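A.B. asks:
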Amino acid sequence: MHSSWMRIQNVFSYFTTVLFALGACIAVSDLLTPRAPVVNSLKFTNLQVVRGRPHYYSSKHEEYAIIKFSLDADLSSLFTWNTKDVFVYVTAEWPSSSSASANTTTNQAVIWDTIITAPSSDYLGNYGPATLKKLRKSAAGKSIDPSRGKLVLKNQRPKYQITHPSGKIASTEDVTLRLHYDVQPWVGVLMRNHNVDVGLWKKLEGSVSRTFTLPSLKKKDEAKKAKA
Numbered sequence: 001m002h003s004s005w006m007r008i009q010n011v012f013s014y015f016t017t018v019l020f021a022l023g024a025c026i027a028v029s030d031l032l033t034p035r036a037p038v039v040n041s042l043k044f045t046n047l048q049v050v051r052g053r054p055h056y057y058s059s060k061h062e063e064y065a066i067i068k069f070s071l072d073a074d075l076s077s078l079f080t081w082n083t084k085d086v087f088v089y090v091t092a093e094w095p096s097s098s099s100a101s102a103n104t105t106t107n108q109a110v111i112w113d114t115i116i117t118a119p120s121s122d123y124l125g126n127y128g129p130a131t132l133k134k135l136r137k138s139a140a141g142k143s144i145d146p147s148r149g150k151l152v153l154k155n156q157r158p159k160y161q162i163t164h165p166s167g168k169i170a171s172t173e174d175v176t177l178r179l180h181y182d183v184q185p186w187v188g189v190l191m192r193n194h195n196v197d198v199g200l201w202k203k204l205e206g207s208v209s210r211t212f213t214l215p216s217l218k219k220k221d222e223a224k225k226a227k228a
């Protein structure tokens, strides 16, 4: 006869096996749900390069780029019953100026980001009482809120100024803006935007802006002449 301890172990083993199988089925279901995120428009609206210090006590000055942009994207298809939240961010990318390396590297810096919670996880977001009440009201009676994931930003100010390890970023050429997303499910693996279709999950269309060049840094003499 089996002891009580062995019976408990068998029940626990059976329970974890069933739980793991159920979780695997839920994770695979994400690939069976049609998703077609699209970016209708992504473009810069204002460019500025300024000089500043990385912190208050530093005597070193660096160049910082401030990139304002406009965005029109529909990521609502990313939200399903298994979606916890979607992390969205915009990066500025430009090729490395180093010609010594045979492999071309790309510089990438985040200029803006946001977290879009699903109706089932609004309580986890950093929302005030009024905003949370409004979100709950919009999601009432809906398994998926169709307005979630629709981003319309005009002349958006960046959250982060960007620089380069060399401290020089003015007059940088071939700069592009790119939209990224990370989908965090309740059960499953973190999914990022991909360049190819994966099952019914379509690649993100229109996520890259046209190339542009960052402005040069104005010299003090030129600034004085402009004021005169």
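With the UniProt record's numbering applied, the sequence shown corresponds to residues 1 to 228, in that order.
Every residue, glycine too, gets a C-beta built ideally from N, C-alpha and C.
Computed from a predicted model, the values in this text were never measured in an experiment.
Below 8 angstroms CB to CB, which residues in the same chain sit around P215 once its five sequence neighbours on both sides are set aside?
C.D. replies: Taking the first residue of the sequence shown as position 1, residue 215 is located at position 215. Answer for P215: L47, Q48, V49, A170 and S171, listed in chain order.
A.B. asks: Leaving aside the five residues before and after W5 along the sequence, list all residues of the same chain whose C-beta is less than 6 angstroms from its C-beta, in chain order.
C.D. replies: Mapped onto the sequence shown, residue 5 falls at position 5. Result list for W5: empty, nothing under 6 angstroms.
A.B. asks: In terms of residue numbering, what span does the beta strand (DSSP E) encompassing R148 cover?
C.D. replies: To locate residue 148, count along the sequence shown from 1; it is residue 148. Premise fails: R148 is in no beta strand (DSSP E) and is neither H nor E.
A.B. asks: What do you get for R148, buried or exposed, if any count of 16 or more other CB atoms within 10 angstroms of its CB means buried?
C.D. replies: Taking the first residue of the sequence shown as position 1, residue 148 is located at position 148. R148 should be labelled buried.
A.B. asks: Along the chain, where does the beta strand (DSSP E) containing residue 247 start, and where does it finish?
C.D. replies: Here the chain comprises residues numbered 1 to 228, so residue 247 is not present and cannot be evaluated.
A.B. asks: Go ahead and label V90 buried or exposed: buried means 16 or more other beta carbons lie within 10 angstroms of its beta carbon, across all protein chains shown.
C.D. replies: Mapped onto the sequence shown, residue 90 falls at position 90. The residue is buried, with at least 16 neighbouring Cβ atoms inside 10 Å.
A.B. asks: Does the stretch 194 to 209 come into contact with the stretch 117 to 127, if we say contact requires no fewer than three beta-carbon pairs (one atom in each stretch) closer than 8 angstroms?
C.D. replies: Contact between the stretch 194 to 209 and the stretch 117 to 127 is absent, because fewer than three Cβ pairs lie under 8 angstroms.
A.B. asks: From the DSSP output, in three-state form, read off S41 for me.
C.D. replies: Translated into the one-based positions of the sequence shown, residue 41 becomes position 41. Strand at S41.
A.B. asks: Give me the Cα-Cα distance between R178 and L42, rounded to the nearest whole angstrom.
C.D. replies: Working through the sequence shown from its first residue, we reach residue 178 at position 178. Working through the sequence shown from its first residue, we reach residue 42 at position 42. Taking the straight line from one Cα to the other gives about 8 angstroms.
A.B. asks: What are the uninterrupted segments assigned as beta strand (DSSP E) that are 3 or more residues long and contained completely in the stretch 146 to 197, given in chain order?
C.D. replies: Counting whole runs of 3 or more residues, the stretch 146 to 197 contains the beta strand (DSSP E) stretches 150 to 156 and 176 to 185.
A.B. asks: If you draw a straight line from the alpha carbon of Y160 to that of K154, how long is it in whole angstroms?
C.D. replies: Residue 160 sits at position 160 when you count from the first residue of the sequence shown. Residue 154 sits at position 154 when you count from the first residue of the sequence shown. Y160 and K154: Cα-Cα distance of roughly 17 angstroms.
A.B. asks: Pairs of beta-carbons, one from the stretch 28 to 40 and one from the stretch 49 to 64, closer than 8 angstroms: are there three or more?
C.D. replies: Because the criterion of three Cβ pairs below 8 angstroms is not met, the stretch 28 to 40 and the stretch 49 to 64 do not touch.
A.B. asks: Strictly by DSSP, which residues pair up with A92?
C.D. replies: Taking the sequence shown and counting its residues from 1, the one referred to as residue 92 is at position 92. Beta-bridge pairing links A92 to A109 and L177.
A.B. asks: Would you report the Cα separation of V208 and L19, rounded to the nearest angstrom?
C.D. replies: Mapped onto the sequence shown, residue 208 falls at position 208. Mapped onto the sequence shown, residue 19 falls at position 19. C-alpha separation (whole angstroms): 41 angstroms.
A.B. asks: Do R210 and K68 have their C-beta atoms within less than 8 angstroms of each other?
C.D. replies: For the purposes of this step, residue 210 is taken as the residue at position 210 of the sequence shown. For the purposes of this step, residue 68 is taken as the residue at position 68 of the sequence shown. It is not a contact, given that the beta carbons lie outside the stated cut-off.
A.B. asks: Of the choices L190, T80, A109 and D85, whose alpha-carbon is the least far from that of E93?
C.D. replies: Counted from its first residue, the sequence shown places residue 93 at position 93. Ranking the options by Cα distance to E93, first place goes to A109.
A.B. asks: Quick check on the burial criterion: 16 or more other C-beta atoms within 10 angstroms. Buried or exposed for S76?
C.D. replies: Counted from its first residue, the sequence shown places residue 76 at position 76. Answer is buried; the Cβ neighbour count reaches 16.
A.B. asks: What's the gap between the Cα of A139 and the Cα of T117?
C.D. replies: Along the sequence shown, read from residue 1 onward, the residue named residue 139 stands at position 139. Along the sequence shown, read from residue 1 onward, the residue named residue 117 stands at position 117. Roughly 12 angstroms between the two C-alpha positions.
A.B. asks: Going by C-alpha to C-alpha distance, which of D197, N193, S166 and V198 sits closest to E62?
C.D. replies: Counting from one through the sequence shown, the residue named residue 62 turns up at place 62. Looking at the Cα atoms, S166 is the closest of the given residues.
A.B. asks: Is the distance from the Cβ of I115 to the Cβ of D85 below 8 angstroms?
C.D. replies: The sequence position of residue 115 within the sequence shown is 115, counting from 1. The sequence position of residue 85 within the sequence shown is 85, counting from 1. Contact flag set, yes.
A.B. asks: Taking DSSP as the reference, what is the three-state secondary structure of L200?
C.D. replies: To locate residue 200, count along the sequence shown from 1; it is residue 200. Reduced to three states, the DSSP call for L200 is coil.
A.B. asks: Is the beta carbon of P119 sitting closer than 8 angstroms to the one on L78?
C.D. replies: If you number the sequence shown from 1, residue 119 lands on position 119. If you number the sequence shown from 1, residue 78 lands on position 78. No; because the gap between Cβ atoms is not below 8 angstroms, this pair is not in contact.
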